[in-house]
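A.B. asks: Pasting in a structure now, in C-alpha cells, and then I'll have a few things to ask.
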Amino acid sequence: MTSTDNNARPRYSETLFGHAVPTERHRLQLVQEVFDPITIPVLNGRGIAPKWRCLELGAGAGSIARWMAQQGAQVIATDTDTTFLDCVSDENVQVVKHNVVTEDFRPGTFDLIHARFVLEHLPQRDAILAKVAGWLAPGGWLVIEDAGAFAMEASPYPAMRNMRDAMRRYMADAIGTDAHWAPQLPILLTAADLVETGMSVAVIVNDNGPGTAFMRATVAQLGQAIVAGGQVTEAEFAAAMRLFDDPSYVDMLAAVVSAWGRRPLCGI
Ligand SMILES: C[S@@+](CC[C@H](N)C(=O)[O-])C[C@H]1O[C@@H](n2cnc3c(N)ncnc32)[C@H](O)[C@@H]1O
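Read in order, the letters of the sequence shown are residues 44 to 311 in my numbering.
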C-alpha cells in the first residue's frame, strides 16, 4: 500500500458525515432512494451484463453494489467504513474496507467502476480519477457521479441559497470538497486516455418526499456546525429549515452530474 493521503484536513468520513453520526445511515438511505433512479439508467447505458467485474467505490449503504449483483455482475464494494454494508448479503458482492486515496487494485481488473458522491470530497480527486482509470480492463467503463453546485446557487430563496452556500464553503474548508468539480469530468476522463466520454445532468426538485427529506437531513446534519462557525446565524439556519415545511416552497435541491469514459479495446 502506498500513502498519498498527506492532506492535513480530516477525511470525509471523520466529520459530520461520518458513519458514527446517528442520522447518517438514514441520510445515505435517502441518497439511494433519490439518486439510484438517476444512476441505474446511466449504468444500464454502459451495457452492464452478467459476469462483468464491477467495482463500487465508496459504496455507502450499498444499494448500487446490490443492484450490480442483481444484473449478474461480480462486484467488489469498497468503503473506508463498511459498517453500512452490513445489509449486503448477496453472494456476488465482496465487501472490502479500502481507501481509494491510499490503496490500489491491480491494473486492468474491472469492466465497470462507479463512484457516486465520493471523489468530490477527496482533495486528491484528479489524481485518484487517473489512478482508478488504470484499474479498467480493455473496453471497461469508468462512471463518476458528483454534485453540481449550480442548482443550489440558482435558488431564488435567499435563506436557502445562503445556507447552501455556507455549507459548500464549510465543506471546502473542513474537508476539501469541491462542489464545482463535476462539470469538468469529461475533460479529466479524456485526459486519463478514456474514449467514448459522455455526461448527463439531473436536477432534484423538492417533492415533499425523499428528495426533500434527503436535503432536510443534510442541512440539519451540517447546520449547527455552520452556525457555531459563524457562517450563518441561528435565525438564518432556522429560516432555511422552515422552508422545507412550507407547502409553497418549490426549488432545485441538488444536481448530479454523471460522466463516463471507456478504456480503449486492445488493437483500437
Ligand atoms: C456521500 S457518501 C455516498 C455513498 C454512496 N456512493 C451513494 O451514493 O449512495 C460517500 C461515501 O464514500 C466513503 N468514502 C469517503 N472517503 C473514502 C475513501 N477515501 N475511500 C473509499 N470510500 C470513501 C464514505 O465513507 C461514504 O460511505
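Every residue, glycine too, gets a C-beta built ideally from N, C-alpha and C.
Name the DSSP beta bridge partners of M295, please?
C.D. replies: For this step, residue 295 is matched to residue 252 along the sequence shown. Looking at the DSSP assignment, M295 forms a beta bridge with V248.
A.B. asks: Assuming contact is defined by CB atoms lying nearer than 8 Å, are F280 and R159 in contact in what I supplied?
C.D. replies: Taking the sequence shown and counting its residues from 1, the one referred to as residue 280 is at position 237. Taking the sequence shown and counting its residues from 1, the one referred to as residue 159 is at position 116. No.
A.B. asks: Going by DSSP, what residues sit across from E188 in a beta bridge?
C.D. replies: Position 145 of the sequence shown, counted from the first residue, corresponds to residue 188. Residue pairing of E188 in beta bridges, as defined by DSSP: R159 and S301.
A.B. asks: May I have a chain-ordered list of the alpha helix (DSSP H) segments no shorter than 4 residues that lie completely inside the region 111-183?
C.D. replies: Those alpha helix (DSSP H) runs which fall completely within the region 111-183 and span 4+ residues are 168-176.
A.B. asks: Does S106 come out as helix, strand or coil in the three-state DSSP assignment?
C.D. replies: As a first step, residue 106 is located in the sequence shown; it is residue number 63 there, counting from the start. If DSSP states are grouped into helix, strand and coil, S106 belongs with the helices.
A.B. asks: For A173 and Y213, what's the separation of their Cα atoms in angstroms?
C.D. replies: Along the sequence shown, one-based indexing puts residue 173 at 130. Along the sequence shown, one-based indexing puts residue 213 at 170. Their Cα atoms are separated by approximately 27 Å.
A.B. asks: For N142, verify whether its CB is less than 7 Å away from any heavy atom of ligand 1.
C.D. replies: By one-based count along the sequence shown, residue 142 stands at place 99. Yes, since a heavy atom of ligand 1 falls inside the 7 Å radius drawn around the Cβ of N142.
A.B. asks: Within the same chain, show all residues whose beta-carbon is closer than 8 Å to that of L308, passing over the 5 residues directly before and after it, in chain order.
C.D. replies: Stepping through the sequence shown from its first residue, residue 308 is reached at position 265. Taken in chain order, the residues that qualify are P181 and G182.
A.B. asks: So does H164 have its beta carbon nearer than 7 Å to some heavy atom of ligand 1?
C.D. replies: Working through the sequence shown from its first residue, we reach residue 164 at position 121. Because some heavy atom of ligand 1 lies under 7 Å away, the Cβ of H164 counts as near it: yes.
A.B. asks: So, with DSSP's three-state summary, where would you put V77?
C.D. replies: Here residue 77 refers to the residue found at position 34 of the sequence shown. Correct three-state label for V77: helix.
A.B. asks: Say the cut is 7 Å; is the CB of L237 nearer than that to a heavy atom of ligand 1?
C.D. replies: The residue given as residue 237 occupies position 194 in the sequence shown. No, the Cβ of L237 stays beyond 7 Å of every heavy atom of ligand 1.
A.B. asks: Compare the beta carbon distance of G191 and V64 with 8 Å and say whether it is the shorter of the two.
C.D. replies: For this step, residue 191 is matched to residue 148 along the sequence shown. For this step, residue 64 is matched to residue 21 along the sequence shown. No, the Cβ-Cβ distance between G191 and V64 is not below 8 Å.
A.B. asks: What separation, rounded to the nearest whole angstrom, lies between the Cα atoms of E99 and P253?
C.D. replies: Stepping through the sequence shown from its first residue, residue 99 is reached at position 56. Stepping through the sequence shown from its first residue, residue 253 is reached at position 210. One C-alpha to the other measures close to 23 Å.
A.B. asks: Mapping DSSP to helix, strand and coil, what is R96?
C.D. replies: Here residue 96 corresponds to residue number 53 of the sequence shown, with the count starting at 1. In this structure, R96 counts as strand in the three-state DSSP scheme.
A.B. asks: Since G241 sits in a beta bridge, which residues does DSSP pair it with?
C.D. replies: Translated into positions along the sequence shown, residue 241 becomes position 198. W303.
A.B. asks: Quick one: is the Cβ of D221 within less than 7 Å of any heavy atom of ligand 1?
C.D. replies: Within the sequence shown, residue 221 is the residue found at index 178, counting from 1. No; taking the cut-off as 7 Å, the Cβ of D221 has no heavy atom of ligand 1 nearer than that.
A.B. asks: In terms of alpha-carbon separation, which member of S243, I269, T145 and Y200 lies closest to R168?
C.D. replies: What you label residue 168 is simply residue 125 of the sequence shown in a count that begins at 1. Cα-wise, what sits closest to R168 is T145.
A.B. asks: Any chance the CB of H69 is under 7 Å from a heavy atom of ligand 1?
C.D. replies: Stepping through the sequence shown from its first residue, residue 69 is reached at position 26. H69 Cβ: outside cutoff for every heavy atom of ligand 1.
A.B. asks: Give a single yes or no on whether R211 has its beta carbon closer than 7 Å to a heavy atom of ligand 1.
C.D. replies: On the sequence shown, residue 211 is found 168 positions in, with the first residue counted as 1. Answer for R211: no, Cβ out of range of ligand 1.
A.B. asks: Could you tell me which of V244, F287, N135 and L232 sits nearest to A202, measuring between CA atoms?
C.D. replies: Position 159 of the sequence shown holds residue 202. For A202, the nearest C-alpha among the options comes from F287.
A.B. asks: Can Q227 be considered in contact with ligand 1, in the sense that its beta carbon sits closer than 7 Å to one or more heavy atoms?
C.D. replies: Within the sequence shown, numbered from 1, the residue matching residue 227 stands at position 184. Q227: no, Cβ never under 7 Å from ligand 1.
A.B. asks: Mapping the DSSP letters down to three states, classify R211 as helix, strand or coil.
C.D. replies: On the sequence shown, residue 211 is found 168 positions in, with the first residue counted as 1. R211: helix per DSSP, three-state reduction.
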